[in-house]
Amino acid sequence: MNPKNILTELKRRNVYRAAVAYGVVAWFLTQLTTQVFPFFEIPNSAVRFVVIALAVGFPIAMLLSWIYELTPEGVVRTEDLDPIEARSVQRRSGRLLDFIIIGALLLVIAMLVTGRLPFYRQTGESISQKSIAVLPFENLSEDKANAYFADGIREEILTRLAKIADLKVISRTSTQRYQSKPGNLAEIAKQLGVANILEGSVQKATDQVRVTVQLIQVASDSHLWADTFDRKLTDIFGVESEIAKAIADALQAKLTGGEQRALAVKPTNNSEAYDAYLRGLALEARTTVSPDDSGKAVGFYERAVQLDPAFALAWARLSRANAHVYFGLDSTTTRREATERALNTAQKLQPNSPETLLAQAYYQYWVRRDYELAKATFGRVRELLPGSSDVPGALALIARRQGRWDEGAGMKALPTGSKLLCSIRATLNGSPWPHRLTRIFGNSRLR
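Put into structure tokens, the structure is as follows:
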């Protein structure tokens, strides 16, 4: 067939329109799944499945639009229609596809206006000079597999900063999408609503570790503080606390006696146990943590507590990871008992530590499903970890499960620009989506 005739035939059979309609609808569905699925902790594999299915479906849809026509009598082969009837049917089909394209484009525009733009809109609140965002640390090790060490060190610094009530600390979820050492710090600070940004890098070689950090005041583009810490692996435990104290001093944040004691605590003196702990922590520090990630983290935490049975923080994390697996994948008695054993051990070692209480709260939430008790425990954690994003995020998700949409949407404790906050607001705020999503996912094992 003449190429010119093929193009004419493609146009006559509305294949071009079908391609545009399919592309717009596929884009909308892709955006919807990538925004909504993580909020409900649907595994990333489900998002990948949707994207692959849409990609595979495109040539199939084009082939079907070439072969068949939609008539008032149903779907028939184009070749079975006489020329006059075919033209009439194709005009009707063309108009229908035009309506689909217009409708899909309107949905896309609505999504961009109501869903995406508010993510970066700043409120009228003034930016605290004691606010800070910790960007992902750069892994400078020759072995790229050591990236876990940089992620784990950063997570530990965030945890320690969260214990200082006088600081406003932006959540890891909010900053994870940025690269280490990005170009436009002013724009990032504006999006996150912070006055200061901490950048860092970690280099690990054999038994030596170098941690380099710099605290930048964005308004003046000046370094408030910078330092390099060279340690042996056997002496790495205190670095995160030193960094947190130096940041507090640089930002003139007041530390209470309790906060000073909390920062001074070393989690373990066993370097191998700490390395295993950081590996588990790095898995759980991802932007979206699936039960599968938590399952892998369980193995590292188990290794940590085997090496140091008195490692209370690792026991607490082990309980929390097991609870997440129980909630999402493995609701067996064995998994529940493993969660309880780890929690009981953490409570014996450090009953009043915020990490132990946080593990207890997640056990009450994910395993016992006692939402009121979990809320009370999360409230106690908030007093000890005022800068933690875990607490407001969990409370918002509990409110959703209880059908208290306004309460969930009104979580003010989450940092400006938080991706979790954006997801919660986009899902909960005054639209029909929450109720539709509840009907769809209400009986599933989702958060």
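Residue numbers (this note's numbering): -2 to 444. Glycine included, every Cβ here is placed at the ideal spot set by N, Cα and C.
What number of angstroms, rounded off, separates the C-alpha of residue i from the C-alpha of residue j?
i: SER291; j: GLU139; result: 27 Å
i: ARG312; j: GLY296; result: It should be noted that the sequence gives Trp, not Arg, for residue 312. Approximately 12 Å between the Cα atoms of the pair.
i: ASP272; j: ARG314; result: 14 Å
i: VAL48; j: THR27; result: 6 Å
i: ALA455; j: ALA216; result: Examination of residue 455 is not possible in this model, given that the chain is present from -2 through 444 alone.
i: ILE233; j: PHE25; result: 47 Å
i: ALA15; j: THR374; result: 54 Å
i: ALA107; j: ILE395; result: 28 Å
i: ARG118; j: LEU189; result: Only weak support exists for where ARG118 lies, its pLDDT of 44 falling under 50; the coordinates are left without a value.
i: ASP246; j: GLY100; result: 55 Å
i: GLY384; j: ASP163; result: 9 Å
i: LEU392; j: ILE64; result: 53 Å
i: ILE57; j: VAL12; result: 12 Å
i: GLY400; j: LEU51; result: 33 Å
i: LEU7; j: ARG92; result: 16 Å
i: ALA343; j: SER350; result: 9 Å
i: GLU256; j: SER287; result: 32 Å
If you run the structure through DSSP and keep just helix, strand and coil, what is residue i?
i: THR203; result: coil
i: VAL210; result: strand
i: LYS263; result: coil
i: VAL12; result: helix
i: PHE226; result: strand
i: LYS187; result: helix
i: ASN143; result: helix
i: ILE124; result: coil
i: ILE194; result: strand
i: ALA243; result: helix
i: ASN349; result: coil
i: ILE129; result: strand
i: VAL166; result: strand
i: TYR117; result: The predicted model places TYR117 with a pLDDT of 42, which falls under 50 and marks its position as unreliable; any figure quoted below should be read in that light. Note: TYR117 maps to helix in three-state DSSP.
i: SER291; result: helix
i: SER219; result: strand
i: ASN319; result: helix
i: LEU417; result: Unreliable positioning characterises LEU417 in this predicted model, as indicated by a pLDDT of 43, which lies under 50. A coordinate reading is not provided.
Once you ignore the five residues that flank residue i on each side, which residues in its own chain have a CB closer than 6 Å to its CB?
i: TYR359; result: ARG317 and ALA320
i: ASP218; result: none
i: LEU248; result: LYS127
i: TYR362; result: ALA371
i: VAL388; result: PHE375, VAL378 and ARG379
Apart from the five residues just before and just after residue i, which ones in its own chain have a Cβ nearer than 7 Å to its Cβ?
i: VAL191; result: ILE124, SER128, ILE129, ALA130 and ILE167
i: GLY235; result: LYS263
i: THR209; result: GLY197, SER198 and THR225
Are there 16 or more other CB atoms within 10 angstroms of the CB of residue i, so buried, or fewer, so exposed?
i: PHE146; result: buried
i: ARG174; result: exposed
i: LEU60; result: exposed
i: THR336; result: buried
i: VAL53; result: exposed
i: VAL195; result: Note that residue 195 is Leu in the sequence shown, not Val. Buried is the call here.
i: ILE3; result: exposed
i: SER62; result: buried
i: LYS201; result: buried
For residue i, which residues from the same chain have a beta carbon less than 8 Å from its beta carbon, with the 5 sequence-adjacent residues on both sides left out?
i: ASP95; result: ARG14
Under 8 Å, with one C-beta from each stretch per pair, do the region 139 to 158 and the region 241 to 255 reach the 3-pair mark? yes
Taking contact to mean at least 3 C-beta pairs separated by less than 8 Å, is the region 349 to 356 in contact with the region 364 to 382? yes
Would the region 251 to 271 count as touching the region 129 to 144 if we require 3 or more Cβ pairs under 8 Å? no
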